[in-house]
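Residues in the sequence shown are numbered from 1 upward in steps of one, following the UniProt record's numbering. Beta carbons: idealized from backbone N, C-alpha and C, even for Gly. Notes for the one structure printed next.
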Amino acid sequence: MSHGFYVSGILPNQYSRFCQASNIGTIGETTLNSIFQKYAPVVSQLVKESYETALLEEIASYEELQEGIDIVTDARHGTRKNSMYTDVVCLGARTHKVLRVETISKVDCTSAQKHELIGTERIYEYFKNLRDEYEVKIRVHCHDRNTSVNKFIRINGIDTESTNDTWHATKNIAKEIKTICSGPRYKEGQTWHPELSDKAASIKTHLYWAMKNCNKDPVKLKPSLLNIVEHYKNNHEHCSELSRCKTDSNYEPTKYLIKDPKAEMLLGRALMNTQVYKSPTDYIHCMDSYYVESFNNAILQYHDKRINFSKQVYILRTSLAVLDWNEHVNRQTTSLKTDQDAKNPRRQVQVKILKRKSYNMWSEIWDQLVKIY
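Right, dumping it as structure tokens:
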């Protein structure tokens, strides 16, 4: 019963109310605390083994390991406001498995905003200590543009390139572009132009394409962004040879053509104000933090942001989430279905229907626990 209580991720009051409603007996708080003292070390040992296995799998996915592995990190606060604990999560960029989680508390630093930097420093120290055994180097480190982390990598990451994820860079692009697509009539031609009215969503697609096809060259990325203006002027001289505007002899623009120099100036200025244009070296790898954000969502099964846990319980729940994620993140799919967002009809995504979770971690924890008793 206690084993099921811990691995399910339910809260103590939920467990108590469920047992009362089902008219079954409950394990007392004293007994649960006694079991916890033996349960937590078992989970801690298994999560260490999971880190090592995940790292070996990540290393094996690279043909040329001399350059190092790619990682993605993000910070997750334990509660919505004034968080006592922060998890800094590090995932392998290819296997998407958790390589390390560092839990930072206000005992380490009273400012929750500084926890991500402290956790990142500890992750680098962890990999540094493993170099003699696994020869681990970090080639590319992707994160969500934390300036302190950028600075830390620039100063201390001798062989590491810092790159920022594309989603955070482009999530507000459509909203920002809309300011030059529509507005009050008396400001037409000054702050907005009707020739740009149909281009907000498609410009975001252009930005993604430019980052993905710049061949990791910042010098090539910036002109590629500015070429968006020329493309909408129906001038395709510098467009990609693989683009439809070059390959299709019957190609006709589907958007309003830019003919007014004022519209050209407004769009060019908006593109030069984007974070991608200002800091092209931070986006040449075109990496995203999708999987680490997914982990932060999956961990909510074990961590309720409304509840403040003690440190021991918090770390146990984080460890259970890591075991769950590393076991199931790359499981096979049964089929595919196409989803269309009603708010964004242009976006049609094929969604994988995954197999059921196996939860072998439950039996592994139980087997180790039985050996102790």
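Item, Value
"Give every residue of the same chain whose Cβ lies closer than 8 Å to the Cβ of Ile59, excluding the five residues on either side of it in the sequence, and list them in chain order.", "Leu65, Ile69, Tyr134, Val136"
"Express the C-alpha separation of Leu11 and Tyr291 in angstroms, rounding to a whole number.", "26 Å"
"I believe residue 375 touches Arg80 by the beta-carbon criterion, under 8 Å. Please report the beta-carbon distance rounded to the nearest angstrom.", "What is shown of the chain runs 1 to 373, which leaves residue 375 out entirely."
"Mapping DSSP to helix, strand and coil, what is Ala75?", "strand"
"Beta-carbon within less than 8 Å of Trp192's beta-carbon, same chain only, minus the 5 sequence neighbours each way: which residues are those?", "Thr179, Ile180, Cys181, Ser182, Gly183, Leu266"
"Comparing C-alpha positions only, which one of Pro253, Pro345, Ala342, Lys204 sits nearest to Tyr277?", "Lys204"
"Using the Cα positions of Glu327 and Tyr6, report the straight-line distance between them to the nearest angstrom.", "17 Å"
"Under 7 Å, do Val140 and Glu116 count as touching if we go by C-beta distance?", "no"
"Tell me the DSSP secondary structure of Gly119 in three-state form.", "helix"
"Would Arg76 be called buried (16 or more neighbouring beta carbons within 10 Å of its own) or exposed?", "buried"
"Is the distance from the Cβ of Ser2 to the Cβ of Ile24 below 7 Å?", "no"
"So, with DSSP's three-state summary, where would you put Ser319?", "helix"
"Where do the N-terminal and C-terminal ends of the alpha helix (DSSP H) with Val219 fall, by residue?", "218-232"
"Is there contact here, the stretch 159-169 with the stretch 144-151, by at least three beta-carbon pairs under 8 Å?", "yes"
"Would you kindly work out how many angstroms separate the C-alpha atoms of Thr274 and Val42, rounded to a whole number?", "49 Å"
"Using C-beta distances below 8 Å, list every residue in its chain close to Arg331, excluding the 5 sequence neighbours before and after it, in chain order.", "Leu354, Lys355, Lys357, Ser358"
"Check this for me: beta carbons of Val329 and His96, under 7 Å apart or not?", "yes"
"Would you call the stretch 358-371 and the stretch 312-327 in contact, with 3 or more CB pairs under 8 Å?", "yes"
"Which value, in whole angstroms, describes the spacing of the CA atoms of Ala93 and Glu102?", "18 Å"
"Taking the alpha-carbon of residue 376 as reference, which of Gly268, Pro280, Glu252 has the nearest alpha-carbon?", "A question about residue 376 goes unanswered here, because the residues of the chain that appear run from 1 up to 373."
"Is Tyr256 near Glu195, with beta carbons less than 7 Å apart?", "yes"
"Which residues in the same chain as Tyr343 place their Cβ atom closer than 8 Å to its Cβ, once the five residues preceding and following it in sequence are excluded?", "Position check: residue 343 holds Lys in this sequence, whereas Tyr was assumed. Nothing meets the Cβ criterion."
"At what residues does the beta strand (DSSP E) containing Lys352 begin and finish?", "348-354"
"Under the assumption that Asp144 contacts Ser289 (Cβ atoms under 8 Å), give the Cβ distance between them as a whole number of angstroms.", "6 Å"
"Just to confirm the assignment, what range does the beta strand (DSSP E) spanning Cys142 have?", "138-143"
"Are Leu99 and Ala54 close, meaning C-beta to C-beta below 7 Å?", "yes"
"For Thr333, which of helix, strand or coil comes out of DSSP?", "strand"
"Which of the three DSSP states, helix, strand or coil, is assigned to Asn82?", "coil"
"Just to confirm, is the Cβ distance from Ser105 to Met84 under 7 Å?", "yes"
"What does residue 427 pair with, by DSSP beta-bridge criteria?", "Here the chain covers residues 1 to 373 and nothing more, so residue 427 does not appear."
"Between Thr333 and Lys352, how many whole angstroms is the CB-CB distance? I'm expecting something under 8 Å.", "4 Å"
"In terms of alpha-carbon separation, which member of Arg122, Lys262, Ile173 lies closest to Thr73?", "Arg122"
"Apart from the five residues just before and just after Cys286, which ones in its own chain have a Cβ nearer than 7 Å to its Cβ?", "Thr166, Met211, Lys212"
"Using only alpha-carbon positions, find the residue among Ala270, Ile307, Asn82, Asp282 that is nearest to His168.", "Asp282"
"Can you pull the DSSP bridge partners for Val88?", "Ala75, Glu102"
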